[in-house]
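A.B. asks: So the sequences go chain by chain: A and B. In terms of our numbering, the first sequence opens at residue 1 and continues consecutively. In terms of our numbering, the second sequence opens at residue 298 and continues consecutively. Can you keep this structure in mind? I'll have questions shortly.
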Amino acid sequence: MNRKILLAAAAFLIAAPLQAHNVWIKPSTTTVAGESGWVTFDVAASTDVYNADHRPMGLNMIKAIAPDGSEARIENGSTGQLRSTFDLHLTQQGTWRIGTESAGVTGSYKLDGQEYRVGGRGGPPPGAQGGPGAAPGGAARPSGPTPSGPVVVPGGADFSPPEGATDVKLTLTSNRNFVFVTLGMPSEIRLSGSGLELEPVTHPADLIAGEPATFRFLVDGKPAAGIEVEATPDGRRFRDEQGTITATTDANGEASLDWPAAGLYWVHASFSDETSPRPGITGRRFQYTANVEVMAP
Amino acid sequence: MSPIAYRIIFTGAAAAGLSAPAAAGTVELTVAIPQLKVAEYHRPYVAIWLEQVGQPNIRTLAVWYDYDNRENAGTKWLRDLRTWWRKGGRNAAKPADAVTGATRAPGVQKVRLDVGALKPGNYALVVEAAREEGGREQVTLPFNWNGKSATASASGRTELGAVKAVIKP
Chain A
1 MNRKILLAAA AFLIAAPLQA HNVWIKPSTT TVAGESGWVT FDVAASTDVY NADHRPMGLN
61 MIKAIAPDGS EARIENGSTG QLRSTFDLHL TQQGTWRIGT ESAGVTGSYK LDGQEYRVGG
121 RGGPPPGAQG GPGAAPGGAA RPSGPTPSGP VVVPGGADFS PPEGATDVKL TLTSNRNFVF
181 VTLGMPSEIR LSGSGLELEP VTHPADLIAG EPATFRFLVD GKPAAGIEVE ATPDGRRFRD
241 EQGTITATTD ANGEASLDWP AAGLYWVHAS FSDETSPRPG ITGRRFQYTA NVEVMAP
Chain B
298 MSPIAYRIIF TGAAAAGLSA PAAAGTVELT VAIPQLKVAE YHRPYVAIWL EQVGQPNIRT
358 LAVWYDYDNR ENAGTKWLRD LRTWWRKGGR NAAKPADAVT GATRAPGVQK VRLDVGALKP
418 GNYALVVEAA REEGGREQVT LPFNWNGKSA TASASGRTEL GAVKAVIKP
């Protein structure tokens, strides 16, 4: 398989809007026994989660993190028409985290009467400087503003508007989509302290139908109240209703999900506000998805 | 069955009632493994353990599996004994030698197992079976221990037949 084509396809997929389509990672299992083991994954975006009927997701963003925090290589990657697939060789006992994690800045500002669009889709126009992440510490002052319409500048996670910018409306974004696979005994799940994160009170390896599980949601490392969490089971094609269960986080950031049946669930939460996380940024918009397996009692 | 929160524990860690064997008690256990008329029959994996009501720790008494499978491939399927796996099986890379045994043929299997010293209280002896190309079933034998002796029995429907236990100090 031609790697260039794969990369080009991946870039296109990231650029293409995925509105109303949910990105999911489907593991062959999340419970593995033995000295080592293999797990295979499908990755795609579709309306009904885990039903590969729309678009594959690129694999260039996928990272596999071993229990000790090191990054492991994914193997046998392939992107098809409807889903991408890859394998992971589990060589360390404990809980592995597999998925995507991204952050950026999106929005707009004006400088000397010219409007600038930050981040989003499409990339810089001809003549604009820099690639992704090329504007650290507020140094972004792209050359060659076109008189007709806004100039698009890339918005890395550490983007700040240039000095003298007006009409600043810039949102810090963070998006995570993980699956947790445990070889042998479960181990602690490491958190980063930024964006929206799930801190397991109930470990993903301990989810059982009929036993409510508790997840704590953190925004920039702090427990976040009032976050709506939804969990949609696999197999929407074979039933009439979505079957989504929902919960809202309490003052401790904790939400309790009572799984009605065993199976694969797409757990999703989002958060946004107008709080400035740092100078020059006027709001936050975070998303978090966990793909979890609930076992029969 | 009321949900019980099981936390991560190490097999062999001393629990309130499931302490290390001082004056070792024993269980005489009879487990019927049904004869099944199927095209491809594999002997089931079986885990036998003791749990105390309200305590997360379990004491694994026996695990019957393909422990001598070449390249350790036998351990791969231990997770199919899913309740035992979650409650304590996964806490060790593989079951301790003292509890490891080969898979057993259909018929009535009689074993005598060391259960350690038990404090008075309510316990359950659990037998879980999982079969390749087959199903999985768990049979729970609750009993009250007053320091003398106790008996318990229950029966499975699919992967296990009658299970009887006589527990003695």
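All C-beta atoms in this analysis are idealised placements derived from N, C-alpha and C, irrespective of residue type, glycine included.
#1: Could you tell me which chain B residues have their CB closer than 7 Å to the CB of Glu-293/A, listed as they occur along the chain?
#2: Taking DSSP as the reference, what is the three-state secondary structure of Arg-284/A?
#3: Given a cut-off of 8 Å on the beta-carbon distance, is the pair Thr-31/A and Ala-296/A in contact?
#4: Nearest chain A C-beta to Ala-390/B closer than 8 Å, yes or no?
#5: Does the Cβ of Gly-34/A have 16 or more other Cβ atoms within 10 Å, making it buried, or fewer, making it exposed?
#6: Please report how far the alpha carbon of Pro-162/A lies from the alpha carbon of Phe-217/A, in whole angstroms.
#7: Please report the straight-line C-alpha distance between Glu-274/A and Ala-261/A, rounded to a whole angstrom.
#8: How long is the line joining the alpha carbons of Ala-231/A and Asp-258/A, rounded to whole angstroms?
#9: If I'm right that Ala-359/B touches Leu-410/B with Cβ under 8 Å, what's the distance once you round it to whole angstroms?
#10: Decide if Ala-371/B is buried, meaning its Cβ has at least 16 other Cβ atoms within 10 Å, or exposed.
#11: Grab me the residues of Ile-355/B's own chain with a C-beta within less than 7 Å of its C-beta, minus the 5 sequence neighbours each way, in chain order.
#12: Does the region 276 to 286 of chain A come close enough to the region 239 to 259 of chain A that 3 or more CB-CB pairs lie under 8 Å?
#13: With distances taken from CA atoms, which of Glu-228/A, Pro-223/A and Thr-182/A is nearest Leu-191/A?
#14: Give the interface partners of Val-32/A over in chain B, defined as CB-CB distance under 9 Å, in chain order.
#15: What do you get for Phe-41/A, buried or exposed, if any count of 16 or more other CB atoms within 10 angstroms of its CB means buried?
#16: Compare the C-beta of Asn-443/B with all C-beta atoms of chain A and state if any pair is closer than 8 Å.
#17: Note down, in chain order, each residue of its chain lying with its Cβ closer than 6 Å to the Cβ of Lys-110/A, except the 5 sequence neighbours on either side.
#18: Out of Val-201/A, Gln-93/A and Gly-119/A, which has the shortest C-alpha to C-alpha gap to Ala-103/A?
#19: Is the Cβ-Cβ distance between Ala-451/B and Phe-440/B less than 8 Å?
#20: Using a Cβ-Cβ distance under 8 Å, would Asn-369/B count as near chain A?
#21: Relative to the C-alpha of Ala-64/A, which residue among Met-57/A, Asn-51/A, Phe-86/A and Ala-45/A is closest?
#22: I need the DSSP call for Thr-380/B, collapsed to helix, strand or coil.
#23: Mind pulling the beta strand (DSSP E) runs of 3 or more residues that sit fully within the region 179 to 213 of chain A?
#24: Check the DSSP bridge columns for Ala-94/A and list the partner residues they point to.
#25: Is there at least one Cβ from chain B nearer than 8 Å to Gly-77/A's Cβ?
#26: Since Gly-184/A meets chain B, which of its residues come closer than 9 Å, beta carbon to beta carbon?
#27: Which residues in the same chain have their Cβ closer than 6 Å to the Cβ of Lys-26/A, if we skip the five residues on either side of it in sequence?
#28: When you check each C-beta in the region 92 to 104 of chain A against every C-beta of chain B, which residues fall closer than 8 Å?
#29: DSSP on Glu-354/B, reduced to helix/strand/coil?
#30: Taking 7 Å as the limit between beta carbons, can you name the residues of its chain near Pro-318/B, skipping five residues before and five after?
#31: Determine, using beta carbons only, whether Ser-306/A and Gly-58/A come nearer to each other than 8 Å.
#32: Under the rule that 16 or more other beta-carbon atoms within 10 Å means buried, what is Glu-456/B, buried or exposed?
#33: Pull up the CB-CB distance for Val-179/A and Val-229/A, whole angstroms please, since I reckon it's below 8 Å.
#34: Measure the alpha-carbon distance for Arg-55/A versus Ala-336/B and round it to whole angstroms.
#35: Under 8 Å, Cβ to Cβ, is there at least one residue of chain A near Arg-379/B?
#36: Please decide whether Trp-242/B counts as near chain A, where near means a Cβ-Cβ distance under 8 Å.
C.D. replies: Checking against the coordinates, here is how it stands:
#1: Chain B residues near Glu-293/A: none, gap ~11 Å exceeds 7 Å.
#2: strand
#3: no
#4: yes
#5: buried
#6: 33 Å
#7: 38 Å
#8: 10 Å
#9: 6 Å
#10: As written in the sequence, residue 371/B is Gly, which differs from the Ala given in the question. Buried, since its Cβ has 16 or more Cβ neighbours within 10 Å.
#11: Trp-346, Leu-347, Glu-348, Lys-384 and Gly-385
#12: no
#13: Pro-223/A
#14: Lys-373 and Arg-376
#15: buried
#16: no
#17: Thr-166 and Asp-167
#18: Gly-119/A
#19: no
#20: yes
#21: Phe-86/A
#22: helix
#23: 196 to 200
#24: Going by the sequence as given, residue 94/A is Gly instead of Ala. Per DSSP, Leu-183/A.
#25: no
#26: Arg-387, Asn-388, Ala-389 and Ala-390
#27: Asp-42 and Tyr-50
#28: Gln-93
#29: In the sequence under discussion, the amino acid at residue 354/B is Asn, which differs from the Glu named in the question. Looking at Asn-354/B - three-state DSSP - the assignment turns out to be coil, as it is neither helix nor strand.
#30: Note that Pro-318/B scores 45 on pLDDT, short of 50, meaning its location in the model is unreliable; the coordinates nonetheless yield the value given after this. For Pro-318/B, where only same-chain residues beyond five positions count, the Cβ hits under 7 Å are Asp-411, Gly-413 and Ala-414.
#31: This structure cannot settle anything about residue 306/A, because the visible part of chain A is limited to 1 through 297.
#32: buried
#33: Not confirmed; about 17 Å, so no contact.
#34: 41 Å
#35: yes
#36: The structure shown does not extend to residue 242/B, since chain B spans only 298 to 466, so no value can be given for it.
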